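For reference, the structure is listed below as structure tokens.
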Amino acid sequence: MRLILLGPPGAGKGTQAQRLVQKYGIIQLSTGEMLRAAVAAETPVGLQAKDLMANGSLVPDKIVIGIISDRLDQPDMKNGFILDGFPRTVPQAAALDELLKKKHIKLDAVVELRVNESALLDRVEARVAEMRARGEEVRIDDTPEVLAKRLANYRTLTEPLIHYYSERRKLLTVDGMMTIEHVTREINRILSAIGAVEPKGGAKAAAPARKAMKAARKTARPAGKKAAKTARKAPKTAGKAGKAASRGVKKASKKAGRKVASAVRGGKAGKAKKTGKKAVGKASKKVTKKRAKR
Ligand code: AMP
């Protein structure tokens, strides 16, 4: 499984990445962690990154792309990975596409954790308190002032990636305002639905038809009425297996006050899978368009 976790600081990317690591035995690649290690070890990269990180600026694309490229070449990558904190800009995403193509690696999905911005400061404060309680060193960029800058950077430089991956039909959005447990469950559910992981107890027991039906029961939640309609249409055009594909339901995140899409590319076989993907692609695009309008 090869994933990207996308979301602002405090969205819970690190927490969810660790859970995925434990469940699927894949590697978490956090550019933030790698850079902090480089700063601590005072390597040339660390020395270049130190001040930028401390004031909440991004480290130059070239540096992080180099770090990721080297890391992807290592043998422990073969079981899969989760990119956490990378890519963070459109040029980084384009460079990653190139790298993956060159290395013959296929990305399964980009999971966006959508959160209410007003909750982020509280979350980061909670993280600081927990780190202090564990006797760990607190990140110097976890202050309200620096957080404000990191958030502004996220909005201007990283948020365009939502459109980028939605266009490429890779984007799956999860309501990150739910409890940690709920978010984990939702991520696992959508990963099963797109076939990135085996559904619990699924593969061995289920005959192909049953597998398709199982996928059918899983619901897709594209944002907005139109998107939901698009997803609902999918089964009609996909024949038998297609009935197993996406169904759309609308879900509003009350806390966030924003619509949250949890798009699932459903369907386990042939056409169904393609149709499901198509539906989600459309749904994702609509989410992006909606945001652009806002
Ligand atoms: P994080 O741990 O992901 O919050 O990252 C901490 C800091 O490391 C960020 O504020 C940036 O200064 C730097 N950083 C991490 N990942 C990247 C990236 N992909 N591109 C540029 N800077 C990064």
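Under my numbering, the first residue of the sequence shown is numbered 1105, with each subsequent residue one higher.
Glycine included, C-beta positions come from ideal geometry on N, C-alpha and C.
Everything numeric in this text was worked out from a predicted model, so none of it was measured.
Assuming Tyr1258 contacts Pro1164 under a Cβ cut-off of 8 Å, what Cβ separation, rounded to an integer in Å, is found between them? The C-beta separation of Tyr1258 from Pro1164 comes to about 17 Å, leaving the pair out of contact by the 8 Å criterion.
Beta-bridge partners of Phe1185, as assigned by DSSP: Beta-bridge pairing links Phe1185 to Arg1106, Ile1131.
With respect to the beta strand (DSSP E) encompassing Leu1275, which residues constitute its N-terminal and C-terminal limits? Judged by DSSP secondary structure, Leu1275 falls within the beta strand (DSSP E) whose first and last residues are 1275-1279.
Residues in its own chain within less than 6 Å of Leu1124 by CB, not counting five upstream and five downstream? If you ignore the 5 residues before and after Leu1124, its C-beta comes within less than 6 Å of the C-beta of Ile1186, all in its own chain and listed in chain order.
Which stretch, first to last residue, makes up the beta strand (DSSP E) that contains Arg1218? In the DSSP assignment, Arg1218 falls within the beta strand (DSSP E) that extends over 1213-1218.
Whole angstroms is fine: what's the gap from Lys1205's alpha carbon to Ala1199's? A straight line joining the alpha-carbon of Lys1205 with that of Ala1199 spans about 10 Å.
Compute the Euclidean distance between the alpha carbons of Ser1134 and Leu1255, then round it to the nearest angstrom. The straight-line gap from Cα to Cα measures roughly 18 Å.
Can you check the segment 1119-1179 for any alpha helix (DSSP H) of at least 4 residues that lies completely inside it and give the ranges in chain order? Complete alpha helix (DSSP H) runs here, min 4: 1135-1144, 1148-1158, 1165-1176.
Measure the CB-CB distance between Gln1120 and Val1228 and report whether it falls below 8 Å. For Gln1120 and Val1228, no; Cβs fall outside 8 Å.
Grab me the residues of Pro1264's own chain with a C-beta within less than 6 Å of its C-beta, minus the 5 sequence neighbours each way, in chain order. Closer than 6 Å at the Cβ level, and outside the excluded window around Pro1264, lie Val1194.
Please give the ranges of any beta strand (DSSP E) in the segment 1244-1294, keeping only runs that are unbroken, at least 3 residues long and fully inside the region. Runs of the beta strand (DSSP E) inside the segment 1244-1294: 1275-1279.
Under three-state DSSP, which class holds Ala1300? Coil.
Label Lys1117 either buried or exposed according to how many other C-beta atoms from any shown protein chain fall within 10 Å of its C-beta, with 16 as the threshold for buried. Counting other Cβ atoms within 10 Å of its Cβ, Lys1117 reaches 16 or more and is therefore classed as buried.
I'd like to check one pair, Lys1154 with Val1143: are the Cβ atoms closer than 8 Å? Between Val1143 and Lys1154, the C-beta spacing is below 8 Å.
Reducing DSSP to helix, strand and coil, say where Pro1195 ends up. Here Pro1195 carries a helix assignment [DSSP, helix/strand/coil].
6 Å CB neighbourhood of Ile1108 in its chain, flanking five on each side removed: Result list for Ile1108: Leu1187, Val1214, in chain order.
Cβ of Pro1191 within 7 Å of any heavy atom in ligand 1? Yes, the Cβ of Pro1191 comes within 7 Å of a heavy atom of ligand 1.
Same chain, Cβ closer than 8 Å to Asp1201, neighbours up to 5 away in sequence not counted: Here the set comprises nothing.
Is it buried or exposed, Arg1273, if we count other Cβ atoms within 10 angstroms and call 16 or more buried? It counts as buried.
Give every residue of the same chain whose Cβ lies closer than 7 Å to the Cβ of Arg1236, excluding the five residues on either side of it in the sequence, and list them in chain order. Cβ neighbours of Arg1236 within its own chain (closer than 7 Å, five residues either side excluded): Val1242.
If we ignore side chains and look at the alpha-carbon of each, how far apart do Ile1298 and Thr1277 end up? Counting only the Cα atoms, Thr1277 lies some 13 Å from Ile1298.
Do Thr1262 and Arg1192 count as a contact pair if the criterion is CB distance below 8 Å? Yes, they are a contact pair.
Determine, using beta carbons only, whether Leu1224 and Pro1248 come nearer to each other than 8 Å. Going by C-beta atoms, Leu1224 is not nearer than 8 Å to Pro1248.
Tell me which residue opens and which closes the alpha helix (DSSP H) that Arg1238 is part of. Membership of Arg1238 in any alpha helix (DSSP H) is not indicated, and neither H nor E is assigned to it by DSSP.
Does the beta carbon of Gln1152 come closer than 8 Å to any beta carbon on chain B? Here chain B cannot be found, since the structure has a single protein chain.
Tell me whether the beta-carbon of Asp1245 lies closer than 8 Å to the beta-carbon of Gly1189. Cβ atoms of Asp1245 and Gly1189: not closer than 8 Å.
So does Met1281 have its beta carbon nearer than 7 Å to some heavy atom of ligand 1? Not so, every heavy atom of ligand 1 lies at least 7 Å from the Cβ.
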